[in-house]
Amino acid sequence: MTTRPPLVLTVAGSDSGGGAGIQADLKAMLALGVHGMSVLTAVTAQNSRGVHGVWELPEEAVRAQYRAVVDDIGVHAVKTGMLATAPLVETVAELLADTDAPVVVDPVGISKHGDPLLAASALESVRKRLLPTATVATPNLDEVTQLTGVRVERETDMRTAAEAVLAYGPHWVLVKGGHLPTGAEAVDLLTDGTEEHWLRAPRHDNRHTHGTGCTLASAVAAGLARGLAVPEAVREAKAYVTGAIAAGFALGEGIGPVDHGWALRR
Numbered sequence: 348m349t350t351r352p353p354l355v356l357t358v359a360g361s362d363s364g365g366g367a368g369i370q371a372d373l374k375a376m377l378a379l380g381v382h383g384m385s386v387l388t389a390v391t392a393q394n395s396r397g398v399h400g401v402w403e404l405p406e407e408a409v410r411a412q413y414r415a416v417v418d419d420i421g422v423h424a425v426k427t428g429m430l431a432t433a434p435l436v437e438t439v440a441e442l443l444a445d446t447d448a449p450v451v452v453d454p455v456g457i458s459k460h461g462d463p464l465l466a467a468s469a470l471e472s473v474r475k476r477l478l479p480t481a482t483v484a485t486p487n488l489d490e491v492t493q494l495t496g497v498r499v500e501r502e503t504d505m506r507t508a509a510e511a512v513l514a515y516g517p518h519w520v521l522v523k524g525g526h527l528p529t530g531a532e533a534v535d536l537l538t539d540g541t542e543e544h545w546l547r548a549p550r551h552d553n554r555h556t557h558g559t560g561c562t563l564a565s566a567v568a569a570g571l572a573r574g575l576a577v578p579e580a581v582r583e584a585k586a587y588v589t590g591a592i593a594a595g596f597a598l599g600e601g602i603g604p605v606d607h608g609w610a611l612r613r
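Residue 613, in the numbering used here, is where the sequence shown stops; the numbers in between run on with no holes.
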């Protein structure tokens, strides 16, 4: 018999185009050597051009999926993505508070194409209920503004943004600066309010970046499940995602996905 790999659970929405959401999470987890499991929160009709429809699952369905996995199989880390509505955020936060495993919260608010994926009425639940459960929160710059009102226009603003997110209770925050006009580098800031880790990687001239945020959060969760400390898990995740962006490919007529399997084909 082979040794059982670490167990990671993603709680997120489905992307029918396969580039983001549950599909991206499970691909990244497989590539990084952990066993991925899933709790589906919503179904989207989605392709390379955008999100064309969203259907949320009932809270009972989300709770039943979660309990079925955790109570029988167990879990070494949890990643959350698209939660869509306040009732779903509240349900997932309640489940996470009762789970003894590190949690990576990707506070998904807007898709790569600019489509809303979180109801405005759910923002307060994310702030007050979901973020306090997070070992690491991974907002991008738009999500930072959505949650805190802080606008990041230059690299030095990222510290202010991180402090604003940390005020809601996560142990660590990774502010993703990929949308900043910082020249040849993509810069992220990881901090717990005491330690600061500035993470820099080459910026690749590739428009096919669908699923970047989902993939990064899943990669961080995979590292935590394998026993890495938060800074090491985040560094490994950024390196993996940087390679996935470089290998991103065209799919359909719009924005294609990152390549989750790039490292397996080297």
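Quick reminder that beta carbons are idealized off the backbone N, C-alpha and C, glycines included.
None of these values were measured; they are calculated from a predicted model.
Item	Value
Spatially closest choice to Arg-613 from Leu-527, Ala-424, Ala-591, by CA coordinates	Ala-591
Inter-stretch contact at 8 Å, needing at least 3 Cβ pairs: the stretch 604–612 / the stretch 371–383	yes
Rounded straight-line distance, which links the Cα of Ser-468 to that of Pro-517	21 Å
Nearest-angstrom Cα separation, counted from Gly-530 out to Tyr-413	42 Å
Touching by the beta-carbon criterion (3+ pairs, under 8 Å), the stretch 397–413 and the stretch 530–548	no
Nearest candidate by alpha-carbon position, reference His-382, set Arg-396, Leu-470, Val-425	Val-425
Three-state secondary structure (DSSP) of Ser-363	coil
Burial state of Gly-570, where buried means 16 or more other Cβ atoms lie within 10 Å	buried
DSSP-derived helix/strand/coil call for Ala-594	coil
Secondary structure of Met-376, DSSP reduced to three states	helix
For Pro-353 and Arg-622, the rounded distance between their alpha carbons	Past the boundaries of the shown model lies residue 622; the chain is included only from 348 to 613, so the question cannot be answered.
Segments assigned alpha helix (DSSP H), at least 4 residues, entirely inside the stretch 362–440	368–378, 406–419
Separation of Thr-350 from Leu-488, as counted between CA atoms	40 Å
DSSP three-state assignment for Glu-500, whether helix, strand or coil	coil
Reduced DSSP category for Asp-453 - H, G, I as helix; E, B as strand; rest coil	coil
Given Gly-359 as reference, the closest of Met-429, Asp-445, Val-436, Ala-448 once Cα atoms are compared	A small correction: the amino acid at residue 359 is Ala; Gly does not occupy that position in the sequence shown. The shortest Cα separation from Ala-359 among Met-429, Asp-445, Val-436, Ala-448 belongs to Met-429.
Cβ neighbours of Ala-481 in the same chain (closer than 6 Å, five flanking residues each side left out)	Val-450, Val-452, Pro-517
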